[in-house]
């Protein structure tokens, strides 16, 4: 009887050890060799965070939280008053630059002023020469009838020379006024053009 009891205990120990070993080995296999899940497809996002490339104050929102929107739809409006002011300021600066450029192009060159001065001097010389001839003919007018036509011709030459002097003086005055206007120009372009004109005029002299 005692031998039978010992045998039963031994069998129970062997069975228990086998059960424990089997469970432990299975757990190791599951831990060391997990199954892999592989699949492909598209996942639709429920919410998307959006940002603006330009910062600013929001003045209008076209939609509510949770609304469905299409690609390209306007979602909000930013305050662009500052950008508009900057745009107008840049346009004004461009207009000013163009005006300065036009003024610089219209400024007479030193060579033009020098030519006008030379024309005045030449006209005055011609006038003085014609006047001297006229005075000489008056002094030599022993026979007025014979000298009447030459005197009239000389007088016409004097009047023509006077007109040329006046026209040359007007042209010189206009060129001088334009140069003075360019000198008063406070823009950078005007200053540069004026300095160049002054240097060229000094070099021409």
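Numbering (the numbering used here), first residue to last: 434 to 638. No residue lacks a Cβ here, since even glycine has one placed at the ideal position from N, Cα and C. This one's a predicted model, so the numbers in the text were calculated from it and none came from an experiment.
Q) Between residue 553 and residue 612, is the Cβ-Cβ spacing less than 8 angstroms? A) Not closer than 8 angstroms, so no.
Q: Please state whether DSSP places residue 515 in a helix, a strand or coil.
A: In this structure, DSSP gives residue 515 a helical state, which the three-state scheme calls helix.
Q: Note down the Cα distance separating residue 496 from residue 505, rounded to an integer number of angstroms.
A: 14 angstroms
Q: Please classify residue 596: is it buried, with 16 or more other beta-carbons within 10 angstroms of its beta-carbon, or exposed?
A: exposed
Q) In or out: residue 509 buried (at least 16 other Cβ within 10 Å) or exposed? A) exposed
Q: State the start and end residues of the unbroken beta strand (DSSP E) segment that holds residue 494.
A: That run of the beta strand (DSSP E) goes 491 to 494.
Q. Once you ignore the five residues that flank residue 393 on each side, which residues in its own chain have a CB closer than 8 angstroms to its CB?
A. This structure cannot settle anything about residue 393, because the visible part of the chain is limited to 434 through 638.
Q: Identify which residue in 588, 501, 562, 513 has its Cα closest to the Cα of residue 491.
A: 513
Q) Which residue's Cα is closest to the Cα of residue 560: 494, 594, 543? A) 594
Q | Beta-carbon proximity check, residue 598 vs residue 556, cutoff 8 angstroms | A | yes
Q: Give me the Cα-Cα distance between residue 531 and residue 517, rounded to the nearest whole angstrom.
A: 21 angstroms
Q.
Checking the sheet assignment: what are the DSSP bridge partners for residue 510?
A. Looking at the DSSP assignment, residue 510 forms a beta bridge with 493.
Q: Just mark residue 702 as buried or exposed, buried being the case when its beta carbon has 16 or more other beta carbons within 10 Å.
A: What is shown of the chain runs 434 to 638, which leaves residue 702 out entirely.
(Q) What does the alpha-carbon distance come out to for the pair residue 529 and residue 520? (A) 14 angstroms
(Q) Taking the straight line between their C-alpha atoms, what separation do you get for residue 498 and residue 515? (A) 28 angstroms
Q) Can you tell which of 524, 562, 493, 523 has the C-alpha that lies nearest to the C-alpha of residue 590? A) 562 is the residue among 524, 562, 493, 523 whose C-alpha sits nearest the C-alpha of residue 590.
**Q.** Candidates 522, 544, 523, 503, of which the one nearest residue 416 by Cα
**A.** Outside the shown range of the chain (434 to 638) lies residue 416, about which nothing can therefore be said.
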